[in-house]
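Letter by letter, the sequence shown follows residues 456 to 547 in the numbering used here.
Ideal Cβ placement from N, Cα and C applies to all residues, glycine included.
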Amino acid sequence: MKKKSYSVLSAVFFLLAVFPIIAGLTKWGNDLYAAVLNVSIFLPLIFGLAGLTFAFLGMRGKVKISLVLVNVLSVALSLLLVFVAMYGFQQA
456 MKKKSYSVLS AVFFLLAVFP IIAGLTKWGN DLYAAVLNVS IFLPLIFGLA
506 GLTFAFLGMR GKVKISLVLV NVLSVALSLL LVFVAMYGFQ QA
C-alpha cells in the first residue's frame, strides 16, 4: 500500500509541475502561470523533483518506469524555462 501511495503522489506532483506550464500556453492559463511565477520561478522545478523522488520510491515495473520518465521530462522542461528566464532575458 505504501508504494502505491508513493506512485500516486508522484503522479500528482507531475501534474502540479506541468499544469501551469501547459496552461500558460492558453488564454485563460496566463493568469495561472503568472500566479505560479509570482510565488517562485522554481516552483514547477521543485514539484518535478518531488515527483521524481516519489517515483523512485513507488511501485515497481512499468508504472515506475513511466513515472520516472515523465518526471524527468518535467524537470528538464522546468530547468529549460528557468535557464531561459534567468539568462536569456538579460539585457546587454
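Query raised in the report: Short check: CB of residue 529 to CB of residue 513, under 9 Å?
Result: no
Query raised in the report: For residue 510, is the classification buried or exposed, using 16 other Cβ atoms within 10 angstroms of its Cβ as the cut-off for buried?
Result: buried
**Report entry** DSSP state of residue 469 mapped onto helix, strand, coil
**Finding:** helix
Query raised in the report: In or out: residue 526 buried (at least 16 other Cβ within 10 Å) or exposed?
Result: buried
Requested in this report: Check residue 541 in the structure and name its three-state DSSP category.
Outcome: helix
Query raised in the report: Which same chain residues, not among the five before or five after residue 477, have their C-beta less than 8 Å away from its C-beta?
Result: 484
Query raised in the report: Near residue 498, what residues of its chain come up, given a Cβ to Cβ distance below 6 Å and the 5 sequence neighbours on each side ignored?
Result: 491
Requested in this report: Would you mind sorting residue 542 into buried or exposed? The rule is 16 or more other CB atoms within 10 Å of its CB.
Outcome: exposed
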